[in-house]
Amino acid sequence: MFAPGEPPFLKLSGIGKVFPGVIANEDVSIDFRRGEIHALLGENGAGKSTLMNVVTGLYQPDSGEMILDGYGVEFAGPPAAIAAGIGMVHQHFKLVPRFTVAENLALGWNETPGWVAPGAIEAKARALSERFGLAIRADARIDSLSAGEQQRVEILRVLSRGAKMLILDEPTAVLSPVEVASLFDALRRFRDGGGAVVIITHKLDEVMAVADRCSVLRAGRLVGTHRITDVTPALLVGEMIGRPVDLPASYPRARPAPGPDAPAAMVLEAVSVRDEAGVTRLDAVSLVLRAGEVLGIAGV
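Going by numbering that gives the first Met the number 0, the sequence shown opens with residue 0, and the numbers climb by one from there.
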């Protein structure tokens, strides 16, 4: 856990990033600490992902500086950032679909040039999985895995290269509730081992559940940084949109749901689907969508 008085692992000071016609980040200053999960909040277009792309060297800042462990740094690209201990898992995964989990992990290992026995890399992949609490079959092909399982592989790729700071961009967007709980357990484990975690998100319930501190961006500028114990969801939403809000505890139904005699707009009867790898994605699914209703589909 974070020790009071310990200097930040990474300090951003006055970071600015401008694209043609758009100020993506303006004078942003945030500290990221070891032993802490830090949530980065904001509406779409607030500059969250851009800021972290600056941190990882994908973009170069137009102003400001980054101080890593007390020294000013500039990263020419993501490889330089990961060499310094900063890695990011993006929303869209960058795995080789026809390779196994172990083979994808090995692509980022500098110590595995040339021919390496499959058994050796699978053993190392299993050891990494156990160490970080991210259960995954080392010999499974990527195209046979769920989105949540592929995310675990991406996280392991970053951690296996010695990352001390793990950045995740909207990590729960493709996860089931069970997978979210598993991810948060793994992040807490990494944090408790002294790692720094940054989560880019706008899901306030998850922020309140897993983060230690949070920073809010609006229109590219930092609005505030808070300890989670000192804020409420309503306060954070107000900072995100720029005005106070009153969050209702429930949302009453505006009108009755259509009855069983309402005309069907769409009917599925025993629909099954297999993907290109032969994995069953739908198995005999039947449902009816009726005119005048909103149909929710959920699963774990």
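Where a beta carbon is used, it is the ideal one built from N, C-alpha and C, also for glycine.
Self-check item: Own chain residues within Cβ distance below 7 Å of residue 36, not counting five before or after
Solution: The sequence position of residue 36 within the sequence shown is 37, counting from 1. Cβ neighbours of residue 36 beyond the five flanking positions: 186, 190, 196, 198, 209, 210, 211.
Quiz item: What's the gap between the Cα of residue 48 and the Cα of residue 289?
Solution: The sequence position of residue 48 within the sequence shown is 49, counting from 1. The sequence position of residue 289 within the sequence shown is 290, counting from 1. Distance between the alpha carbons of residue 48 and residue 289: 39 Å.
Practice problem: Label residue 97 either buried or exposed according to how many other C-beta atoms from any shown protein chain fall within 10 Å of its C-beta, with 16 as the threshold for buried. | Solution: As a position in the sequence shown, residue 97 is number 98, starting the count at 1. By the neighbour-count rule (16 or more Cβ atoms within 10 Å), residue 97 is not buried but exposed.
Quiz prompt | residue 221 vs residue 29 beta-carbon contact at 9 Å | solution = Translated into the one-based positions of the sequence shown, residue 221 becomes position 222. Translated into the one-based positions of the sequence shown, residue 29 becomes position 30. Yes.
Self-check item: Terminal residues of the alpha helix (DSSP H) in which residue 42 lies
Solution: Taking the sequence shown and counting its residues from 1, the one referred to as residue 42 is at position 43. No alpha helix (DSSP H) contains residue 42, which DSSP labels as neither H nor E.
Quiz item: Touch check for the segment 13-28 and the segment 54-62: three-plus C-beta pairs under 8 Å?
Solution: yes
Quiz item: So, using beta-carbon positions, are residue 93 and residue 153 closer together than 9 Å?
Solution: Here residue 93 refers to the residue found at position 94 when the sequence shown is read from its first residue. Here residue 153 refers to the residue found at position 154 when the sequence shown is read from its first residue. Yes, the pair counts as a contact, with Cβ atoms nearer than the cut-off.
Quiz prompt | residue 190 - containing alpha helix (DSSP H), residue span | solution = Taking the first residue of the sequence shown as position 1, residue 190 is located at position 191. 176-191 is the span of the alpha helix (DSSP H), which, as asked, contains residue 190.
Exercise. Report the option in 175, 54, 218 whose CA atom is closest to the CA atom of residue 42.
Key: For the purposes of this step, residue 42 is taken as residue 43 along the sequence shown, with counting starting at 1. Among 175, 54, 218, the Cα nearest to that of residue 42 belongs to 218.
Quiz item: In three-state DSSP terms, what is residue 156?
Solution: Here residue 156 is taken as the residue at index 157 of the sequence shown, counted from 1. Of the three classes helix, strand and coil, the one that applies to residue 156 here is helix, per DSSP.
Quiz prompt | Spatial distance of residue 84 from residue 242 (CA atoms) | solution = Residue 84 sits at position 85 when you count from the first residue of the sequence shown. Residue 242 sits at position 243 when you count from the first residue of the sequence shown. Computed Cα separation, rounded: 38 Å.
Practice problem: Starting from the Cα of residue 151, find the closest Cα among 104, 256, 277 and give me that residue. | Solution: Along the sequence shown, read from residue 1 onward, the residue named residue 151 stands at position 152. Minimum Cα distance to residue 151 is reached at 104.
Quiz item: If you scan the segment 192-237 from start to end, which runs of the beta strand (DSSP E) of 3 or more residues do you find wholly inside it?
Solution: 195-200, 212-217, 220-226
Self-check item: Meets three-Cβ-pair contact criterion under 8 Å: the segment 226-233 and the segment 253-261
Solution: no
Practice problem: Please state if the CB of residue 40 and the CB of residue 234 are separated by a distance shorter than 9 Å. | Solution: Here residue 234 refers to the residue found at position 235 of the sequence shown. Here residue 40 refers to the residue found at position 41 of the sequence shown. No; because the gap between Cβ atoms is not below 9 Å, this pair is not in contact.
Exercise. Could you tell me if residue 46 is buried or exposed, where buried requires 16 or more neighbouring beta carbons within 10 angstroms of its beta carbon?
Key: Within the sequence shown, residue 46 is the residue found at index 47, counting from 1. Its Cβ being crowded by 16 or more others within 10 Å, residue 46 is buried.
Practice problem: Within the same chain, show all residues whose beta-carbon is closer than 7 Å to that of residue 79, passing over the 5 residues directly before and after it, in chain order. | Solution: Walking along the sequence shown from the start, residue 79 turns up at place 80. Within the same chain, residue 79 has close Cβ partners 56.
Quiz item: Is residue 99 helix, strand or coil when you go by DSSP?
Solution: On the sequence shown, position 100 is the one that residue 99 refers to. Reduced to three states, the DSSP call for residue 99 is strand.
Self-check item: As assigned by DSSP and simplified to three states, the class of residue 132
Solution: For the purposes of this step, residue 132 is taken as residue 133 along the sequence shown, with counting starting at 1. Residue state, collapsed to three classes: coil.
Exercise. Under 7 Å Cβ to Cβ from residue 7, same chain only, skipping five residues before and after it: list those, please.
Key: Position 8 of the sequence shown holds residue 7. These residues qualify, in order along the chain: 30, 31, 32.
Quiz item: The beta strand (DSSP E) spanning residue 264 covers which residue range?
Solution: Here residue 264 corresponds to residue number 265 of the sequence shown, with the count starting at 1. Looking at the DSSP string, the run of the beta strand (DSSP E) that includes residue 264 is 263-273.
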